[in-house]
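Everything on this sheet refers to the single structure shown next.
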Amino acid sequence: MSANSWLATGNFYTTYKQEQKTFSTSLDRSFFTLFLVILFAWPLLFEMSNKNMLVIDNILIAVVAVMGLNLVTGFAGLISIGHAAFVGIGAYTVASFCRTIGDTHIIITHFWPLMIIVSGLVGAGFGAVVGLPALRLKHLYLAIATLSFQMIFQWVINFASFFNQGQTISVGRVFWVTGKVGRDDHYFFWYYIILVVVVLLGFGIRNLLKTRYGRSLIAVRDNDRAADAMGMNPGLTKVYAFALAGFFAGVAGALHAYVYRGVGFESFTLHESIGYLAMAIVGGLGTLNGSFWGPVAIKYLDLQMEHLSEAMGQYLPSGMNLTTAMKPFTFGLVIVLFLIYEPRGIANWWRIAKSYTKLWPFRY
Amino acid sequence: MSYFFQIVVSGIVVGSIYALAALGMVLIYKSSRVLNIAHGQIIAAGAFITYFLTVSIGMPIFFSFIASMIITFFLAMSVERIFLRRLIGEPIISVIMVTIGLGSILDGLIYLTPFGSENFSFPAFLPQEPLSLGGVSISWTQLVGVIITFILIGLFSWFFKKSTIGISMRAVSDDQFASMSVGISVPKVFGLAWATAGLSAAAAGCIIGNITGLNFDTLHAFGIIVFPVIILGGLDSILGAVVAGIIMGLIQQFASGYLDGNFGLNGTGDVMPYIILLIILLFKPHGLFGIHEIERV
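What follows is the structure, encoded as structure tokens:
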């Protein structure tokens, strides 16, 4: 380590312990702390409408889900086209509790952190079961297996009377130490809860990737035979990658159920699965910060397209349905352009920007 | 008993449509190892082009059928040229995602037209009275659709077995480097595979549109339902696509004919193919006629 970390031009690690630290310099740590403080403080400083707050909550829920997808698809290299189904399993865990014990039961309203964890565990269980084909299948075949899981999930939700045939199942308002969380505070309250969850899970992934369990994911992605020869168990690693992804998705689903105060079938369709995959790719597969960029970029784009097509709609003949047309069109265009021109995603821009500032002004 | 045969007949009708829809996907996979998720949208585009040419321009339906096949031929070829050609050699997830993105773009373009949201149907050009044979009825559109499907499948198999271009396509699917060394242009073959797939998709779209009516959601759903078919048949076998298409059609019709309404089940026809798909993937992932090249972990 150079004597003055401000002037360091590279990494000067001498022990493994130094390399495994979460923040390599104290500057890094203070920047990150500042960023977190801003994230926690800004809703207090600005007046936000409930509608905008919901959008932000939505983005953060997608961040949780995409972190899970990134673990299985980005780090472990197993393509999953059924991630929305796992999110749905989390949400429907909460919903089935609501159906059996009533949506204002004390377990739903007071012990919601427990519910979120239970949903995550149920998601993990389903993830492990769906991951079983990964023991035998690779690449394309695995992608199709997850796709069929998605279709079976949709059918079960759509036709089971226990799940209200896919119609909305309502979830009660929760209680905090100060009492019932009312209509005005609802989205603010959940913003903080989801933010805490995101930070915890983000650190979780960050630390996981430094243990043997996280490294084995990457080893199996890069070459599973070599990983086998090194003494890892590729099959077990793949199943547990799916289980981890299921856990993240389950947590995201439970949060979704609580934030929307209801669970409906249309939030967990194949289209949503593709959306999560697109977020992971646009953000950058196999990077942690990509899981944050992707949802922000895609959801923001969606929102802007809605505004744009609303603004343009009045100048066009009524037969042209611009609102429904613009969304899939730009969505597809963004995916294709990213894959062709920047397959490493926005995380790569972040990396470039970081290395630029690190070396500035003494570039090569 | 006639209920049973009625289900068999409708299963064969549905199945032969699946076979034709799956054919395009098999063609693309066979030569370029790409799984085209945008196939349903190309099917829909073919059907809508035929409708547009027939109703808005007033061409006879047979000519517009041919014309839309030619148009989608070039549409699919340009899709390959613009998007897929750049991704040769990229990891499989990129290629899958590009076809998903492509499907989304085509979705957007179709939603821009009135076809995206409304229902249409082709002008009737066949007798409306269904044929009836011993209590089993089949409508003329279904009968003609099945006949055209089998003619097309026969033509495609002949094309692959006998014609020089078809043989070079098979050569590319077998070994790209070896076929390059005997003077086959691999990128051209890829383009041609997409083009023929587009052509078969347009044909499938027209036949489906004739039988079920033109609705964008129904038409592009065919792009997903063909996955069980191509997996059952083996991803790279034309014969497999035909056999598996008919098996899937029969399974679907039998499921919705006998399971729905009993045991408190509903809509089993929609989910049965995927359950079968999972079972096949676990026990026989190369399908009925596919090449045994699955890499086991």
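Listed in order, the protein sequences are those of chains B and S.
Under our numbering, the final residue of the first sequence carries the number 368; numbering is consecutive throughout.
Under our numbering, the final residue of the second sequence carries the number 278; numbering is consecutive throughout.
C-beta atoms are modelled at their ideal positions from N, C-alpha and C, and glycine is treated no differently.
Note that this is a predicted model, so its numbers are computed, not measured.
- According to the DSSP assignment, Leu112 of chain S belongs to the beta strand (DSSP E) that extends over 112 to 114.
- For Gly116 of chain S, same chain residues with a beta-carbon under 7 Å away, outside a window of 5 residues either side, are Ser(-17) in chain order.
- The straight-line gap separating the alpha-carbon atoms of Phe171 of chain S and Thr361 of chain B is approximately 44 Å.
- Contact check for Lys331 of chain B against Glu346 of chain B fails: the beta carbons are separated by 9 Å or more.
- Taking C-beta atoms under 8 Å as the contact rule, Gly214 of chain S and Leu259 of chain S fail to qualify, at a distance of about 16 Å.
- Around the beta carbon of Lys143 of chain S, a 10 Å sphere encloses fewer than 16 other beta carbons of the protein chains shown; the residue is thus reported as exposed.
- Taking all protein chains in view, the Cβ of Arg225 of chain B is crowded by 16 or more other Cβ atoms within 10 Å, so the residue is classified as buried.
- Contact annotation: Gln123 of chain S and Val207 of chain S have beta-carbon atoms that are not nearer than 9 Å.
- The continuous alpha helix (DSSP H) containing Ser100 of chain B extends over residues 87 to 105.
- Assignment of beta-bridge partners to Gly266 of chain B by DSSP yields B:Ser174.
- Of S:Ala236, S:Ile18, S:Leu200, S:Pro254, the smallest CA-CA separation from Ile81 of chain S is found for S:Ile18.
- Each residue's CA atom was taken as its position, placing Gly147 of chain S and Leu1 of chain S some 18 Å apart.
- Note on Ala26 of chain S: 16 or more other CB atoms within 10 angstroms of its CB, so buried under the neighbour-count rule.
- Closest option to Thr291 of chain B, judged by alpha-carbon separation, among B:Ala329, B:Val300, B:Ala351, B:Asp189: B:Ala351.
- Sequence-distant partners of Trp116 of chain B (beyond 5 residues in either direction) whose C-beta falls short of 7 Å from its own C-beta, in its chain, are Val178, Tyr262.
- When Cβ pairs closer than 8 Å are counted between the two stretches, the segment 293 to 307 of chain B is seen not to touch the segment 94 to 114 of chain B, the count staying below three.
- The Cβ neighbour count for Tyr319 of chain B, taken over all protein chains shown within 10 Å, is under 16; the residue is labelled exposed.
- Residue range 117 to 119 is occupied by the beta strand (DSSP E) that includes Ser118 of chain S.
- Contact note: Asp251 of chain S reaches chain B through Trp159, using a C-beta cutoff of 7 Å and chain order.
- Shown here for Glu23 of chain B: same chain residues with a beta carbon closer than 6 Å to its own, the five before and five after excluded, namely Tyr17 in chain order.
- Using a C-beta cut-off of 8 Å, the segment 240 to 260 of chain B makes contact with the segment 130 to 139 of chain B, since at least three inter-stretch Cβ pairs fall below that distance.
- Under DSSP, the beta-bridge partners assigned to Trp180 of chain B are B:Gly183.
- Here the segment 48 to 67 of chain B lies against the segment 299 to 306 of chain B, with 3 or more beta-carbon pairs under 8 Å apart.
- In the displayed model, Leu4 of chain S falls within a helix according to three-state DSSP.
- Cβ atoms of Gly239 of chain B and Leu139 of chain B come within 8 Å of each other, at about 5 Å.
- Sixteen is the threshold: when 16 or more other Cβ atoms of the shown chains lie within 10 Å of the Cβ of Asn196 of chain S, as they do, the residue is buried.
- Proximity to Val134 of chain B across S:Leu263, S:Asp155, S:Phe203 peaks at S:Leu263, based on C-alpha coordinates.
- Under the 8 Å Cβ criterion, the segment 23 to 38 of chain S counts as touching the segment 83 to 98 of chain S, having at least three qualifying pairs.
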